[in-house]
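Residue numbers (our numbering): 1228 to 1448.
Shown next, in the form of structure tokens:
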């Protein structure tokens, strides 16, 4: 239905070639997510949830000759749920993570651009990439900070671009015109993959290059 994730959809995503799945404010939309949190080692929930929350906030991933990579998931607090402080949460574990690998990717699922930029600056020199998610709209501010940390405020969403943030256009417009509830179906057309590609120094973890990705995905026949 376009909200949350289930074991079945996670399996589809993994089968499509995605190694690590991060999450955010729609984490609890589907009850089946508990099974993912408990059984899928490469499904990550925000680190700054309370300590007794099922699952884990970061994971180490490695495949073949690719150096080990740490993926950390954080959720912002501005205009969102009042979770634990994401700045303090990652500050408490980043040294421990870097003892195992110098390549660290942070997905910061947050609403406010100021909070995301502040996180990028806070982690400059400590991680390889801070990339924002959540708003569905890509930003054009990709850059590498002085300490070697790459940053993008928001990747935008992977999904149907002929839509309003992934939902069918007409019901959303009717909602604005009538101020009455509408059923927002998931749109299907003009699917696009969005993200970033980074080139990282394996020894230092510093990023040498960051490139935004926006690729059209042809539907399977």
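Glycine residues also receive a C-beta, built at the ideal position from the N, C-alpha and C atoms.
Remember, it's a predicted structure, so these values are computed and weren't measured experimentally.
Cβ-based burial, residue i [other Cβ within 10 Å; buried from 16]
i, result
"residue 1302", "buried"
"residue 1424", "exposed"
"residue 1275", "buried"
"residue 1237", "buried"
"residue 1443", "exposed"
"residue 1386", "buried"
"residue 1245", "exposed"
"residue 1483", "For the chain, the structure presents residues 1228 to 1448; residue 1483 sits outside this window and is missing."
"residue 1332", "buried"
For residue i: DSSP bridge partner residues
i, result
"residue 1442", "1420"
"residue 1300", "1334"
"residue 1394", "1391 and 1413"
"residue 1287", "1297"
"residue 1436", "1426"
"residue 1244", "Residue 1244 pairs with nothing; no bridge assigned."
"residue 1251", "Residue 1251 is not bridged to any residue."
"residue 1358", "1334 and 1379"
"residue 1371", "1377"
"residue 1386", "1419"
"residue 1193", "Past the edges of the chain, shown from 1228 to 1448, lies residue 1193, and the structure says nothing about it."
"residue 1314", "None; residue 1314 has no bridge partner."
"residue 1270", "1248"
Nearest residue (CA-CA) to residue i, options the options
i, options, result
"residue 1265", "1275, 1233, 1408 and 1414", "1233"
"residue 1320", "1308, 1310, 1306 and 1300", "1300"
"residue 1395", "1383, 1402, 1378 and 1413", "1413"
"residue 1306", "1283, 1273, 1342 and 1325", "1342"
"residue 1374", "1397, 1427, 1309 and 1416", "1427"
"residue 1221", "1235, 1371 and 1273", "As displayed, the chain neither begins before 1228 nor continues past 1448, which places residue 1221 out of reach and without an answer."
"residue 1255", "1441, 1230, 1419 and 1239", "1230"
"residue 1415", "1392, 1328 and 1297", "1392"
"residue 1438", "1260, 1371 and 1279", "1371"
"residue 1330", "1311, 1411, 1291 and 1287", "1287"
"residue 1295", "1324, 1279, 1271 and 1277", "1324"
"residue 1285", "1291, 1313 and 1262", "1313"
Rounded separation between residue i and residue j - CA only
i, j, result
"residue 1315", "residue 1430", "26 angstroms"
"residue 1348", "residue 1304", "17 angstroms"
"residue 1281", "residue 1242", "24 angstroms"
"residue 1289", "residue 1317", "21 angstroms"
"residue 1267", "residue 1405", "43 angstroms"
"residue 1407", "residue 1378", "39 angstroms"
"residue 1381", "residue 1363", "8 angstroms"
"residue 1360", "residue 1421", "11 angstroms"
"residue 1366", "residue 1384", "11 angstroms"
"residue 1293", "residue 1368", "28 angstroms"
"residue 1269", "residue 1403", "39 angstroms"
"residue 1409", "residue 1398", "6 angstroms"
"residue 1411", "residue 1389", "14 angstroms"
"residue 1311", "residue 1326", "24 angstroms"
"residue 1351", "residue 1271", "22 angstroms"
Using 8 angstroms as the cut-off, can you tell me whether the region 1433-1443 makes contact with the region 1355-1362, which would need three or more C-beta pairs spanning the two stretches below that distance?
The region 1433-1443 makes contact with the region 1355-1362; the number of CB pairs closer than 8 angstroms reaches 3 or more.
How do the region 1247-1262 and the region 1327-1343 stand: do at least 3 beta-carbon pairs fall below 8 angstroms, yes or no?
yes
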